[in-house]
Amino acid sequence: MKSPSARRLSAEDWVAAAIVALGENGLAGVAVEPLAKRLGATKGSFYWHFKDRPALVDAVLAHWERAGTDAVIAALDKLTDPAQRLRVLFTDVIDYATEGREELALLAAIDQPAVAAAMRRVAARRIEYVAAQLRLLGVAAEQADTRAAVAVGIYHGINQLARVSPESLPATSELVDSILERLV
């Protein structure tokens, strides 16, 4: 496979590089010149695909939303048992929370309207998905909604704790067991 600099770059190449930069340096890292340097490209290549930096940020947010929520839910929906869906979901998101940095970077930029809107959509979608699984497991609707909001909050807390004090986190399987025990 050719390296990005040895072939014509696509918009997806720019988005992929921007997501890496987001995880490394926050939203400020999603900047045209450093990304062009990273990709071995010119700024003209960027402007071939994007009108401006806000257009790239929008593309990054859309990719993050698809990959981190839509694709995850689609994969989980292939499982038939809602309890298994929740176990796989929490295992995967806790593993991501201890490694992935993009979500924390976006939370740090929540004052940006586009970021805030994407974060609200994602949070609502995640909460509704978890609540739907809990309802399938017999939890009353109101309790399912509350428990799902708590579960998503736990995920955000684990994400931050993984940065502040990773040694204090128990093993993923222990965390998942504890979360599921309290939710169902």
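Taking the numbering used here, the leading residue of the sequence shown gets 14, the next gets one more, and so forth. Positions of the beta carbon are idealized from the N, C-alpha and C atoms, including for glycine.
* Unbroken beta strand (DSSP E) runs of length 3 or more, entirely within the segment 134-186: which are they? -> At a cut-off of 3 residues, not a single continuous stretch assigned as beta strand (DSSP E) sits fully inside the segment 134-186.
* To do: Enumerate in chain order the residues of its own chain whose CB-to-CB distance from A72 is below 6 Å, with the five nearest sequence positions on each side excluded.
  => Taking the sequence shown and counting its residues from 1, one reaches residue 72 at position 59. Around A72: V28.
* Which runs of the beta strand (DSSP E) fall wholly inside the segment 46-97 and span at least 3 residues, in chain order? -> Whole beta strand (DSSP E) segments, 3+ residues: zero.
* Within this structure, are the beta carbons of V70 and A127 separated by less than 8 Å? -> In the sequence shown, counting from the first residue as 1, residue 70 sits at position 57. In the sequence shown, counting from the first residue as 1, residue 127 sits at position 114. Taking 8 Å as the Cβ cut-off, V70 and A127 qualify as a contacting pair.
* Asked: Going by alpha carbons, who is nearest to Y109 out of D90, R176, N38 and S191?
  -> Looking up residue 109 in the sequence shown gives position 96. For the residues D90, R176, N38 and S191, the minimum Cα distance to Y109 belongs to R176.
* Asked: With a CB to CB cut of under 8 Å and the five nearest residues on each side skipped, what residues in its chain are close to A121?
  -> The residue given as residue 121 occupies position 108 in the sequence shown. G39 and L40.
* **A31, DSSP secondary structure in three states** => Translated into positions along the sequence shown, residue 31 becomes position 18. Note: A31 maps to helix in three-state DSSP.
* Secondary structure of G39, DSSP reduced to three states -> Residue 39 sits at position 26 when you count from the first residue of the sequence shown. Coil at G39, not helix or strand.
* CB-CB length for W77 against I32, believed under 8 Å -> Taking the sequence shown and counting its residues from 1, the one referred to as residue 77 is at position 64. Taking the sequence shown and counting its residues from 1, the one referred to as residue 32 is at position 19. Indeed they touch by this definition, with Cβ atoms about 7 Å apart.
* Between A144 and A157, what straight-line distance do the alpha-carbon atoms span, to the nearest angstrom? -> Here residue 144 is taken as the residue at index 131 of the sequence shown, counted from 1. Here residue 157 is taken as the residue at index 144 of the sequence shown, counted from 1. Going from the Cα of A144 to the Cα of A157 covers about 5 Å.
* Contact set for A34: own chain, Cβ-Cβ below 8 Å, skip 5 residues either direction -> In the sequence shown, counting from the first residue as 1, residue 34 sits at position 21. Result list for A34: G42, V43, A44, P47, L48 and R51, in chain order.
* Taking C-alpha atoms, which residue in I86, L92, A164 and A84 lies nearest to I192? -> Translated into positions along the sequence shown, residue 192 becomes position 179. Ranking the options by Cα distance to I192, first place goes to A164.
* To do: Under 8 Å Cβ to Cβ from E37, same chain only, skipping five residues before and after it: list those, please.
  => Reading the sequence shown from its first residue, position 24 is the one you call residue 37. The residues are R114.
* Asked: Would a C-beta distance cut-off of 8 Å place V135 and T82 closer than the cut-off?
  -> Counting from one through the sequence shown, the residue named residue 135 turns up at place 122. Counting from one through the sequence shown, the residue named residue 82 turns up at place 69. Yes, the Cβ-Cβ distance between V135 and T82 is below 8 Å.
* **For A84 and R139, the rounded distance between their alpha carbons** => Translated into the one-based positions of the sequence shown, residue 139 becomes position 126. Translated into the one-based positions of the sequence shown, residue 84 becomes position 71. When rounded, the distance between both Cα atoms is 12 Å.
* Asked: Does the Cβ-Cβ distance between L149 and P95 come in under 8 Å?
  -> Numbered from its first residue, the sequence shown carries residue 149 at position 136. Numbered from its first residue, the sequence shown carries residue 95 at position 82. Taking 8 Å as the Cβ cut-off, L149 and P95 qualify as a contacting pair.
* Asked: Cα separation between S181 and R100?
  -> Taking the sequence shown and counting its residues from 1, the one referred to as residue 181 is at position 168. Taking the sequence shown and counting its residues from 1, the one referred to as residue 100 is at position 87. Looking at the two C-alpha atoms, the distance is approximately 21 Å.
* Asked: With T104 and T159 assumed to form a contact (beta carbons below 8 Å), what rounded beta-carbon distance in angstroms separates them?
  -> For the purposes of this step, residue 104 is taken as the residue at position 91 of the sequence shown. For the purposes of this step, residue 159 is taken as the residue at position 146 of the sequence shown. The pair is not a contact, with the Cβ atoms about 23 Å apart (cut-off 8 Å).
* **Environment of E194 [buried if 16+ CB atoms lie within 10 Å]** => To locate residue 194, count along the sequence shown from 1; it is residue 181. By the neighbour-count rule (16 or more Cβ atoms within 10 Å), E194 is not buried but exposed.
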